[in-house]
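Per the UniProt record's numbering: the sequence shown = residues 1 to 436.
For reference, the structure is listed below as structure tokens.
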Amino acid sequence: MSREDNNLASKERILHMVDQELTNLVEEHKQEVDQYERQLRQMSEEILKLQEENERIRVIERTTKQQKTDLASDQSFERFKPFITHNVIDQWIEASSEEDGRFIIEVCKKFWIKGDIEMVTTIFRKLARRPYSLFHNDHEIEESIQFLMEQTLVDDEMLEVVNDALVWEFFNLIIHLHEAPYRDKISYFIFDHADSLTENIYYMNEPSIMVIYLRALMTYDLKDLLKASLHHLIDVEWEYIEDVIKKKDVAFLFWYSYLFGMEEAFINTVSLEWYFPKEEENEIKLFRLLERPVKLSEEDIEGYINRLRSLLNVKETTLLKEKLNNVSENSFAWPHTELTEDSTSKEHSLNEKSALKELGYQISGLTPSSRWEILQKAVPELGLRRVVMTISYNIKLRKDQKNGAVTYQRAIAEWEHDLAKLKECYYQKDFTWPNP
1 MSREDNNLAS KERILHMVDQ ELTNLVEEHK QEVDQYERQL RQMSEEILKL QEENERIRVI
61 ERTTKQQKTD LASDQSFERF KPFITHNVID QWIEASSEED GRFIIEVCKK FWIKGDIEMV
121 TTIFRKLARR PYSLFHNDHE IEESIQFLME QTLVDDEMLE VVNDALVWEF FNLIIHLHEA
181 PYRDKISYFI FDHADSLTEN IYYMNEPSIM VIYLRALMTY DLKDLLKASL HHLIDVEWEY
241 IEDVIKKKDV AFLFWYSYLF GMEEAFINTV SLEWYFPKEE ENEIKLFRLL ERPVKLSEED
301 IEGYINRLRS LLNVKETTLL KEKLNNVSEN SFAWPHTELT EDSTSKEHSL NEKSALKELG
361 YQISGLTPSS RWEILQKAVP ELGLRRVVMT ISYNIKLRKD QKNGAVTYQR AIAEWEHDLA
421 KLKECYYQKD FTWPNP
């Protein structure tokens, strides 16, 4: 092979190597481009999610006093309605101010007018669990509650719109509003619309709704109306619900009948043995014991008579008792939570403040019912005075901080609620005179 041929072969090998290298580089570049395109798509999706989240945050941020008024307007509500999710509603209901109460009930009215029954039901359910924003003596809140009662419970066309879940949740909310300042207005409304209200409730043929309706009547002390409604249920409605009613609701209706002296009429209509066989009659076991005759022999009767005579014929006796001077040693004035000049003084030691904390009491992460369970355990262990002084100290400590009344508004409201409940349950209540 000549030198020219060798040079040509060398050039071809070099060209082949260059071509192979270029091919590899193009393939690597293509892979990098594909990877960048995938990353770009992922980033686009994340940007879209962030934009949606930002829009939701904007909805929440608009819920200041003036902005909430804007959002409750028809035009703004229609625009932001798709972004009002369950999580957003939870955050609104977490607040407990008067403005928050007016706002959330106005939003509920808007959903009702728009025909969104599912969302109205959800708001009723969430408010029943945390109704504090409605516990204000506010005319707008009162009128909105009355509007919703008229629309969902009394209106002749309600049966074509509402469902069982909505009616049940609304009655549950009404029961939880029995401590609201407008309690009497709710009571008067139920009494004034009793005929149409009862007719609509029974027409639905849903036992659970009938039961919670009777519970509401008892809660608002409408006992005459309750008795009449219960009598109608036993005499007229029972045949329509006897095949679908649950055992726990049968037990509830039975004990309400017993409470009003109607148990005989109930037993004559309802077969208790069918709902509560002998081996499964826990719900009415007490009644079985009460109706069981007690057998007494003549000797037993004579023994009771002699015992009674001995009690009636007690001779005059002088009893010496030690004079008690320490009855008021554990008494104390209920603490206030308003700031004074010496509010920041060390009213309690660190150990006193941490004792309640060690029992698990705190605001964050606990529901009101969970905190109340802890307080019920803390009072016997630490003493009422120590518990309430600790909570009131925490309130004043937060208020004394810069903008504390605003920054810690929710925590302060929760503490105030717990103090009020402690005062109602334990302070100057159920007092038992000490034994000598």
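In this text, a Cβ means the ideal position worked out from N, Cα and C, and glycines have one as well.
Can you look up L366 in the DSSP assignment and give me helix, strand or coil? Reading the sequence shown from its first residue, position 366 is the one you call residue 366. In the structure shown, L366 sits in coil (DSSP, three-state: anything other than H, G, I, E or B).
Classify E99 as helix, strand or coil using the three-state DSSP reduction. By one-based count along the sequence shown, residue 99 stands at place 99. E99: helix per DSSP, three-state reduction.
Looking at E140 and R102, is the spacing between their C-beta atoms short of 7 Å? Along the sequence shown, one-based indexing puts residue 102 at 102. Along the sequence shown, one-based indexing puts residue 140 at 140. Contact flag set, yes.
Could you check where the alpha helix (DSSP H) with P207 kicks off and where it finishes? To locate residue 207, count along the sequence shown from 1; it is residue 207. P207 -> alpha helix (DSSP H) spans 207–219.
I believe W238 touches T198 by the beta-carbon criterion, under 8 Å. Please report the beta-carbon distance rounded to the nearest angstrom. In the sequence shown, residue 238 corresponds to position 238, counting from 1. In the sequence shown, residue 198 corresponds to position 198, counting from 1. Not confirmed; about 15 Å, so no contact.
Same chain, Cβ closer than 7 Å to K126, neighbours up to 5 away in sequence not counted: Your numbering for residue 126 matches position 126 in the sequence shown. I89, D90, I93, listed in sequence order.
Helix, strand or coil: which one does DSSP assign to I245? Residue 245 sits at position 245 when you count from the first residue of the sequence shown. Three-state DSSP puts I245 in coil, outside helix and strand.
Rounded to whole angstroms, what is the Cα-Cα separation between K81 and N24? Within the sequence shown, the letter at position 81 stands for residue 81. Within the sequence shown, the letter at position 24 stands for residue 24. In this structure, the straight-line span from the alpha carbon of K81 to that of N24 is close to 55 Å.
DSSP state of P434, grouped into three classes? Residue mapping note: residue 434 aligns to position 434 of the sequence shown, counting from 1. In this prediction, P434 scores a pLDDT of 40, lower than 50, which makes its location untrustworthy; no coordinate-derived value is stated.
V250 and S196: beta carbons closer than 7 Å? Start at 1 with the first residue of the sequence shown, and residue 250 comes out as number 250. Start at 1 with the first residue of the sequence shown, and residue 196 comes out as number 196. Their beta carbons are not under 7 Å apart, which means V250 does not touch S196 by this criterion.
Give the straight-line distance between the Cα atoms of E414 and I363, rounded to the nearest whole angstrom. As a working note, residue 414 is residue 414 in the sequence shown. As a working note, residue 363 is residue 363 in the sequence shown. Going by the C-alpha atoms only, they are around 7 Å apart.
If we ignore side chains and look at the alpha-carbon of each, how far apart do Y361 and K421 end up? The count along the sequence shown starts at 1 and reaches residue 361 at position 361. The count along the sequence shown starts at 1 and reaches residue 421 at position 421. C-alpha separation (whole angstroms): 15 Å.
Spatial distance of Y393 from T337 (CA atoms): Taking the sequence shown and counting its residues from 1, the one referred to as residue 393 is at position 393. Taking the sequence shown and counting its residues from 1, the one referred to as residue 337 is at position 337. Spanning the two alpha carbons is a distance of roughly 8 Å.
Reduced DSSP category for H136 - H, G, I as helix; E, B as strand; rest coil: Within the sequence shown, the letter at position 136 stands for residue 136. Of the three classes helix, strand and coil, the one that applies to H136 here is coil, per DSSP.
Quick check on the DSSP output: the alpha helix (DSSP H) that includes L222 runs from which residue to which? The sequence position of residue 222 within the sequence shown is 222, counting from 1. Premise fails: L222 is in no alpha helix (DSSP H) and is neither H nor E.
By DSSP, does A420 sit in helix, in strand, or in coil? Numbered from 1 along the sequence shown, position 420 holds the residue referred to as residue 420. Three-state DSSP puts A420 in a helix.
Whole angstroms is fine: what's the gap from V211's alpha carbon to L382's? As a working note, residue 211 is residue 211 in the sequence shown. As a working note, residue 382 is residue 382 in the sequence shown. Approximately 40 Å between the Cα atoms of the pair.
Neighbourhood of E260 by C-beta distance below 7 Å, restricted to the same chain and skipping five residues each side: Taking the sequence shown and counting its residues from 1, the one referred to as residue 260 is at position 260. It should be noted that the sequence gives Phe, not Glu, for residue 260. Cβ neighbours of F260 beyond the five flanking positions: K227, L230.
In the structure shown, what three-state DSSP assignment does residue 446 receive? Within the shown structure, residues of the chain are numbered from 1 to 436, placing residue 446 beyond reach of any answer.
Euclidean distance between Cα positions of M262 and H232: Stepping through the sequence shown from its first residue, residue 262 is reached at position 262. Stepping through the sequence shown from its first residue, residue 232 is reached at position 232. The straight-line gap from Cα to Cα measures roughly 12 Å.
Quick one: Cα of R183 to Cα of S144, how far? Here residue 183 corresponds to residue number 183 of the sequence shown, with the count starting at 1. Here residue 144 corresponds to residue number 144 of the sequence shown, with the count starting at 1. Computed Cα separation, rounded: 14 Å.
Would you kindly report the start and end of the unbroken alpha helix (DSSP H) that includes Q151? As a position in the sequence shown, residue 151 is number 151, starting the count at 1. Q151 -> no alpha helix (DSSP H), and no H or E assigned at all.
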